[in-house]
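**Student:** In the working numbering, the protein residues as written are 2 to 465. Sharing a structure below in structure tokens format, with a few things to ask.
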């Protein structure tokens, strides 16, 4: 997942609080051990390596005292999911809480990286690796928190269930099985997701805001294909599959979907604009006051961190074409990934793209069925528990609900009727956020500062 960030100047910021973490404590050592081990397994799609990570994590949980019958590995094609139940005493009379993460990662080409992507490396400031943020950070922190609480003798007042999917970054088949085919999970009161949310830092380490994800845009991918009889490259013809596709791509690049908004995004921009200040902050405040202000919307549309909160976006992410260097292309295909604003049908977006392209010869094939999910209105007890963890690190920092421009497992659990909020323990400068990109990294300080994040939240929601 990729996840969006916020950039702020130093105004109305939370003071920097030095959280003294013993990096040599048993919990710190175990978390780093798990983090290092699972990052070292390349869990990109189609490699079949996710079960290795699931088995390793299951072994760690059983070794810590979890009964074998409460730790389940669920095979799903070439991947797998992990379900681990931390049994409570039932004294609260409440349904279980799900704690979500995903064990797979986006592909990474070692030749493109400055460091080996599937080996945890570090310098004085950062840990580097594919998955160091998305989402092996969350998986390691949640797993080690379960181990820590078990060893400390903690008994929750309700069941807690780790739910780790195995293909969140691709087909989400394992996620769908977990969300729609497991009645024992669907009975949960709510879910907390480690794969989104989190805190924003200035370059100087000042904390600005903490965001809790309560909604996601609809994820849809189409393949656009142009076909042609082709022929010998020495005999060019007026029509060419690559040229026709290139024309379609150019039109998609230059198209903007209509501005959209809801009460949550307007509040988000109002609060963020106050904190940010300056020219960009002023544009946010104008947009919050009047989302039909074209100048304000246009200003936000050039900011990658904010455009997704103002409209549907579609972008070309992959290309393939031709079959030989000395032959005219018989086909050309572009992959177009869209993140659709809640409430807008995917069929309407496809129709808009077809109209923009204006070429009936361009074929559209939907790769994944779109998943539209509702907003999970933030509950006060959940907000309070997350605030307890966050304010231990940065007292007084503003807590904001937001809509994710990307997509996570949360969309399926929300759709299945399980309210879901994402609350990562990561605090970092969004300019350093390279999830899905080259040289993915996470601040070492953030890794150790997050060690108490989930245990605090769990104790607040499921403790005495």
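Note that the Cβ used here is the ideal one computed from N, Cα and C, for glycine as well. All of these numbers come straight from a predicted model, not from anything done at the bench.
Determine the extent of the beta strand (DSSP E) in which residue 220 is found, giving its start and end residues.
**Tutor:** 219-228
**Student:** Give the straight-line distance between the Cα atoms of residue 177 and residue 170, rounded to the nearest whole angstrom.
**Tutor:** 13 Å
**Student:** Can at least three beta-carbon pairs, one atom from the segment 204-220 and one from the segment 405-415, be found at a separation below 8 Å?
**Tutor:** yes
**Student:** Going by DSSP in three states, residue 161 sits in which element: helix, strand or coil?
**Tutor:** strand
**Student:** In three-state DSSP terms, what is residue 416?
**Tutor:** helix
**Student:** Cutting at 6 Å between CB atoms, please list the residues of its own chain near residue 52, excluding the five before and the five after it.
**Tutor:** 81
**Student:** Tell me whether residue 448 sits in a helix, a strand or coil according to DSSP, three-state version.
**Tutor:** helix
**Student:** State the DSSP-derived secondary structure class of residue 455, mapped to helix, strand or coil.
**Tutor:** helix
**Student:** Return the CA-CA distance between residue 167 and residue 410, expressed in angstroms with no decimal places.
**Tutor:** The alpha-carbon atoms of residue 167 and residue 410 are separated by roughly 10 Å.
**Student:** Provide the residue(s) that pair with residue 206 in DSSP beta bridges, ordered along the chain.
**Tutor:** DSSP lists no partner for residue 206.
**Student:** What first and last residue would you give for the alpha helix (DSSP H) that runs through residue 30?
**Tutor:** 27-40
**Student:** With three or more beta-carbon pairs closer than 8 Å as the criterion, would you say the segment 353-361 touches the segment 322-332?
**Tutor:** no
**Student:** Using alpha carbons as the reference points, say which of 89, 42 and 341 lies closest to residue 373.
**Tutor:** 341
**Student:** Using three-state DSSP, classify residue 269 as helix, strand or coil.
**Tutor:** helix
**Student:** Helix, strand or coil: which one does DSSP assign to residue 366?
**Tutor:** strand
**Student:** Return helix, strand or coil for residue 73, following the three-state DSSP convention.
**Tutor:** strand
**Student:** Is the segment 179-195 touching the segment 105-124 in the sense that three or more CB pairs, one from each, lie closer than 8 Å?
**Tutor:** no
**Student:** Name the residue from 111, 88, 235 and 403 whose alpha carbon lies nearest to the alpha carbon of residue 155.
**Tutor:** 88
**Student:** Could you pull the DSSP bridge partners for residue 233 from this structure?
**Tutor:** In the DSSP output, where bridge partners are listed per residue, residue 233 has 328.
**Student:** Under 8 Å Cβ to Cβ from residue 284, same chain only, skipping five residues before and after it: list those, please.
**Tutor:** Contacts found: 274, 296, 297, 300 and 301.
**Student:** For residue 105, which residues of its own chain have a beta-carbon under 8 Å away from its beta-carbon, when the five flanking residues on both sides are left out?
**Tutor:** 44, 45, 46, 51, 80, 166, 167, 168, 169, 170 and 171
**Student:** Less than 6 Å between C-beta atoms, sequence neighbours within five positions excluded: which residues of the same chain meet that for residue 199?
**Tutor:** 425 and 427
**Student:** Helix, strand or coil: which one does DSSP assign to residue 138?
**Tutor:** helix
**Student:** Going by DSSP, what residues sit across from residue 335 in a beta bridge?
**Tutor:** Residue pairing by DSSP places residue 335 opposite 225 and 320 in a beta bridge.
**Student:** If you reduce the DSSP assignment to three classes, tell me which class residue 194 lands in.
**Tutor:** strand
**Student:** Between the C-alpha atoms of residue 347 and residue 366, what's the straight-line distance to the nearest angstrom?
**Tutor:** 13 Å
**Student:** For residue 82, which of helix, strand or coil comes out of DSSP?
**Tutor:** Residue 82 falls in the strand class under three-state DSSP.
**Student:** What does the alpha-carbon distance come out to for the pair residue 40 and residue 294?
**Tutor:** When only Cα atoms are considered, residue 40 and residue 294 end up about 45 Å apart.
**Student:** For residue 21, which residues in the same chain have their Cβ closer than 6 Å to its Cβ, ignoring the five residues on either side in sequence?
**Tutor:** No answer about residue 21 holds up, because its pLDDT of 47 lies below 50 and its placement is not dependable.
**Student:** Secondary structure at residue 260, three-state DSSP: helix, strand or coil?
**Tutor:** Residue 260 falls in the strand class under three-state DSSP.
**Student:** Under three-state DSSP, which class holds residue 88?
**Tutor:** coil
**Student:** Specify the secondary structure class of residue 182 as computed by DSSP and reduced to three states.
**Tutor:** coil
**Student:** Pick helix, strand or coil for residue 132, following the three-state DSSP scheme.
**Tutor:** Here residue 132 sits in coil by DSSP.
**Student:** Go ahead and label residue 31 buried or exposed: buried means 16 or more other beta carbons lie within 10 angstroms of its beta carbon, across all protein chains shown.
**Tutor:** With 16 or more other Cβ atoms within 10 Å, it is buried.
**Student:** Mind the definition here: the segment 454-462 touches the segment 379-393 only if three or more C-beta pairs lie below 8 Å; say whether that holds.
**Tutor:** yes
**Student:** Candidates 111, 109 and 138: which alpha carbon is nearest residue 34's?
**Tutor:** 138
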